[in-house]
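Comments concern the structure below.
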Amino acid sequence: MSNAETHPTYLQHHFADAEQQMDAAKTGMWVFLLTEILTFGGLFIAYAIYRAWNPEMFHFAHKALNASMGALNTIVLITSSLTMALSIWSMQHDKKKQTFWYLMATVLLAATFMVVKYFEYSHKFHLGQLPGKYYTYTGIEGANPHIFFSIYFMMTGLHGLHVLIGIGLIIWLMVRTKKGHFSSKYYTPLEITGLFWHLVDMIWIFLFPLLYLIG
Amino acid sequence: MNNTHTHHITPLWIYLVVASALMVLTIITVAVSNIDLGGFNVLVALGIASIKALLVAFFFMQLWWDKKIYLVIFSTAMLFLTIFLVLTMFDTQTRGYINPEMDGRIKPNAPMYDTMESTSTTH
Amino acid sequence: MENKGNFFLPGQGSTVAPDVDALFLFIGLASLIIFAIVVFGLIYFGFKYRARSKEVVLTPDISHNTTLELIWTIIPTILVLIVFVWGFKTFLTLNVVPKDAIEIKVTGKKWFWTFDYSDGYTSVNEIVVPVNTPIKLLMSSEDVIHSFYVPNFRVKMDVVPNRYSVTWFEAVEPGDYNLFCTEYCGTGHSEMIGNVKVLAKNDFATWQSQVGNDADSDMPLEELGEKIYKEKACFTCHTLDGSRLVGPSLKGTFGKTEKLTDGTEVLVDENYIRRSLLDPGAQIVESYPPVMPTYQGLLSDRDLDGIIAYIKTLKQ
Amino acid sequence: MNTFPETHYLNAPEKGIKSWLTTLDHKRIGVMYLWAVIFFFLFGGALAMIMRSELFFPGADFMTANFYNKLFTLHGAVMVFLFIIPAIPAGLGNFFLPIMIGAKDVAFPRLNLASWYVYLAGALIAVLSILLGGFDTGWTFYTPYSTSTDSAVISVVLGAFIMGFSSILTGINFIVTIHKLRAPGIHWFSMPLFIWGLYATAIIQVAATPVLAITLVLLILERTLGIGIFDPAMGGDPVLYQHFFWFYSHPAVYVMILPGMGIISELITSFSRKKIFGYKAVAYSSLGIAFISFLVWGHHMYTSTQSVLASTIFSVLTFLVGIPSGIKIFNWLATLYKGSIRFTSPMLYAFSFLILFSIGGLTGIFLGSMGTDVHLHDTYFIVAHFHFTMMGGTVIAFLGGLHYWWPKMFGRMFNEKLAQILAVLIFIGFILTFVPQFINGLHGMPRRYFMYVEQYTFNNQLSTIGAFILGFSLFTAFANLFVAIWKGKPVGDNPWGVLGLEWKTTSPPDPHNFSVTPEITHGPYDYDKVLAKPTLDL
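Chains B, G, U and D are the protein sequences, given in the same order. All letters in the first sequence, in the order written, are residues 11 to 225 by the numbering used here. All letters in the second sequence, in the order written, are residues 50 to 172 by the numbering used here. All letters in the third sequence, in the order written, are residues 2 to 317 by the numbering used here. All letters in the fourth sequence, in the order written, are residues 1098 to 1635 by the numbering used here.
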């Protein structure tokens, strides 16, 4: 592997070449995504079991959620996933400026997602539809409606936390893009954060129908 | 599939097509949820969500062109999740088979609802 | 409490015990044979192929032997599948309750058992059953998970709050058998020991009639109070010698004024003791945990008078 | 005479506590893990000794029920979360994985150091719970007791949650290192079997620990917000908690044993100077155990009002997971055939592993079959079973690995005669401690009992005597190793005269593992082709 370029700054000492380091980083990221999927999986399983136990309560309780806000959030997150992918595409073509603006768009879309979330949460707090023993809302038939809201707040809360982490990571990417750390030869951090962001979007793709669209 | 030296660069149009497909599927799943299909609603919703998730995984996350090992890792995650769900459901859904008393809860509602019912005049 | 069994297993007190013990024997023998092969192999190879001298030797290139490997994969698989099928059959007999079983309702509470019989009688920590008749236990807990376990009957089933669990046994020999709680449930977990009293058919009949008309009516109050103190396991939380346990000691408590958790003072008199038994949570003495369960419905009025009289006798 | 190498990882790049605490060298991180892990083992062991002396007499002797409950819970939590899960993977694994596959370091050195500090943070928060009054729920934290008791449950649950990430980071590091950083010439089937053990362990660590993370988060939310998933008073189901908990905890017991099995493969081949019998079988059985271990968790819940159908399915799957372990035992046995066996202290540990782990495995069959498990569940039979597999298995293998690699890690030799005597003493003390517990368990003595019925007294007294012998000899064994770091005589590159790649570098190894990159000329077990002279005459 006699690659002609000089010893690049980003290549760590214990890797044979950039290719091996890139692969290692992506494998590591994919294994980390496996742990993320299984962490969220625990909540999806709690959702599935409690829905199987009292389906009518889930049916009535889901009416308290605003499906149009959920749909809007889905569209926002899919677009942010697209802008993230386009930022990688443009870095692959050495268009650093364009990359920066696509990352900016992703951050703004993620921020709108959180703002929409904020409205949904405050509406529920106001009505008293809180998780667990703080649940005071009446008017939902079925046994233990607080369990639906416990699961709702845990799922969307943990997802929201990951959106915030994503925002932090992308801002860090924007700073490094500005400093010119990346080029079409080395953009691994961009690709890895992209993988993380697409997973966050994928989890919301499952969350939306399961929580908002219970037939 | 993947040439070692230069990384695969996905053409721009694929991103746009996939993104629009995701938008369309979102609209479909919202529309379908309004029609009452009884038990099938869940299956349809999950079906559409899985298609969308696979679109994101294969094209946005490059699984289609990338090394097979990443696909193996992704599918192992899904496999363990299904194992966890299916084996737990074997218990939670079949508790009353031998002794019917063992199924379900004695007091269906948590005690906090007894006080709430009596005091809830406003809602 | 006798435990006639052999070195390995306790006495067989129920109809299902012989099946379980037969499965024990089979697994035990199969395991012993495999264990003997391993130990003998170790000793024999260890001795025969020990390095005779310090100098380094080459050893033969034996990388694998497919037939040998197949043998020690297939035989254990067959053995364990036999054990699985046998275990499954025994498990079914342990779970399927015979049709004509007498139903007794069992309630597990923090640190004692209560048994409600079909004729309305309730007993604490002691379940009285006739011999050679299947008994169905419908169990639930009032606070945390407990577990109903009678070693001699080879029967165990968790007792879960807010859910019923069902198990059954048929005693084959009159006598007293230990009843343990095997799911960790807190401070008194190791004191939550009950007794299964198996009576011959006629003794059971006399016991049933006798308990119906409250045979203790002629017993003096103090004696009745002392009997209830032991029977209802008050000793789990209240001592007689003044030392503090989970609850305050009963020694010299009558006539004392106690400071309650909400700061008010109360004189320990008949009403306070009666109220503490029926609604314990109302007035808790300072620095004591509010864990005492209510005895509402477990103690008749005469029992309450008996306890009060007994406490009066416990002067300094 | 062997000379002690002039520069090695202990004093280069530079000495001093600051360079150790900010090191990225996998060897130093491994050594730091070893100190913490051995300290917590001795701490947990001391707790066990206090418990065993309390149980000498049936009644309450010198403590209250509450104190005893906090003791056995802390013993369980410290031994599981702080000692046995990180011990072999993060301690010996971190040190030797890169060397044995010819790599300069693990794939993500910074993540490796992060995993050490995450482990320390989790350990501190968990141990903090002692100051907050201890917690008395058992290391399993079963609800609704864990949600209704007022002891410091949240602090230890938070500690375990944080330590979960340390386990995940180590797992990710190992998987990527084994996949990507093998030196040219080392293929999947010419790697040492210790690496296969670490690989299978890493898969479980990475796939099971996230579920523990979400379970512990749900438990904390249950205690704070009363979310009603696990707490029956709020409409939840405590048996669902047991499903969530054991989905992690059963694979976790294989996280504990698989690295131990990896070490035993190294010890048996090295000290019988013979090629491993059935390399592929042993390697694949590690992977087989790793995957099947995710299907069997329900055998912990046969008597927990789990449905009979679920118990049946878990029982048949449980018997599948037993087969690969059996295959490994027979393969090790077959490796001894026609070997040239030297009974050094590591080999004595390997032999006692084979006996103790066989007993542990075989008693597992009583517990996998539903008929007998109803009688045995939650009795001392279970306590003895998991001590035979975890302590008789992992701890004995850990000791064997420590004695085998100590000269390589610190370049100096411990007192071999004393180590051999202690290995035998540990074996005897172990048998005397836990076989009486089997008998008590068969007779129905429940576990976690502070006071017990008179009929169990004799076996408990035997067990306590055994515990003191075991405790004393374990403590002395570790002392023997520690003293050797300063007092032992230099050992040269290959004290045992064996073929592993780690014996081709100096002891202690060069900061970058190999001063001159070794070219791989033979497999790790080619004792039929290659002669390796021991540099130390034992």
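Virtual Cβ for every residue (Gly too), placed ideally from N, Cα, C.
Of the candidates GLU1363/D, TYR1546/D and ILE1126/D, ILE1126/D places its Cα closest to the Cα of TYR1214/D. Using a CB distance below 8 Å, the part of the stretch 98-124 of chain G facing chain D consists of ILE118, ordered along the chain. Closer than 8 Å to the CB of GLY1585/D there is not a single CB belonging to chain B. DSSP places HIS1472/D in the helix class (H, G or I) of the three-state scheme.
Within the same chain, ARG1149, SER1150, LEU1152 and PHE1153 come within 7 Å of THR1561/D by CB-CB distance, once the 5 residues on both sides are set aside. For LYS143/B, at least one C-beta of chain D is nearer than 8 Å to its own C-beta. Under DSSP, no beta-bridge partner is assigned to ILE1426/D. The beta carbon of MET79/B sits no closer than 8 Å to any beta carbon of chain G. 8 Å or more divides the Cβ of LEU1313/D from the Cβ of PHE1327/D. If you ignore the 5 residues before and after TYR1338/D, its C-beta comes within less than 6 Å of the C-beta of THR1240 and PHE1327, all in its own chain and listed in chain order.
Excluding the 5 residues flanking it on each side, THR164/G has no same chain C-beta neighbour closer than 6 Å. At least one beta carbon of chain G lies nearer than 8 Å to the beta carbon of TRP40/B. Here GLU127/U is bridged, per DSSP, to ASN196/U. Within chain D, the C-beta atoms nearer than 7 Å to that of PRO77/U come from ILE1420 and GLY1423, in chain order. For LEU1144/D, the three-state secondary structure derived from DSSP is helix.
Secondary structure remark: continuous alpha helix (DSSP H) runs of at least 4 residues inside the stretch 247-304 of chain U, in chain order: 271-279. Within the DSSP secondary-structure output, GLU104/U pairs in a beta bridge with LYS137/U.
Following the DSSP letters along the chain, one finds VAL160/U inside the beta strand (DSSP E) bounded by residues 156-160. Residue range 18-49 is occupied by the alpha helix (DSSP H) that includes ASP22/U. Just measuring C-alpha positions, the residue of ASP120/U, ILE309/U and LEU30/U sitting nearest GLU224/U is ILE309/U. CA-to-CA, the gap between TRP73/U and ILE34/U works out to about 13 Å. Taking C-alpha positions only, THR60/U is separated from PHE1579/D by approximately 34 Å. Judged by DSSP secondary structure, TRP73/U falls within the alpha helix (DSSP H) whose first and last residues are 67-96. Out of THR1400/D, VAL1250/D, ARG1207/D and VAL1613/D, the CA that lies nearest to the CA of GLN22/B is found in ARG1207/D. Exclusion of the five residues before and after LEU1559/D leaves PRO1533 as the residues of its chain whose Cβ lies within less than 6 Å of its Cβ. At a beta-carbon threshold of 9 Å, the residues of chain D lying near GLU192/U are ALA1162, PHE1547 and MET1548, ordered along the chain.
The stretch 1419-1431 of chain D makes contact with the stretch 1383-1391 of chain D, as at least three CB pairs between them are under 8 Å. With a cutoff of 8 Å on beta-carbon distance, ILE1426/D and LEU1451/D are scored as near each other.
The Cβ neighbour count for VAL185/B, taken over all protein chains shown within 10 Å, is under 16; the residue is labelled exposed.
For the pair VAL130/U and ILE136/U, the CB atoms are nearer than the 8 Å cut-off. Look at ARG164/U: its C-beta is under 8 Å from a C-beta on chain G. Take GLY226/U, set aside five residues on each side of it, and the residues of its chain with a beta-carbon closer than 6 Å to its own are GLY307, ILE308, ALA310 and TYR311, in chain order. Counting only Cβ-Cβ distances below 8 Å, THR1614/D has no contacts in chain U at all, with the closest Cβ about 26 Å away. Of the candidates GLY1294/D, ILE1528/D, GLY1323/D and SER1287/D, ILE1528/D places its Cα closest to the Cα of PHE1565/D.
Residue pairing by DSSP puts PRO1543/D in a beta bridge opposite THR1476/D. PHE9/U and PHE1342/D have their C-alpha atoms some 32 Å from each other.
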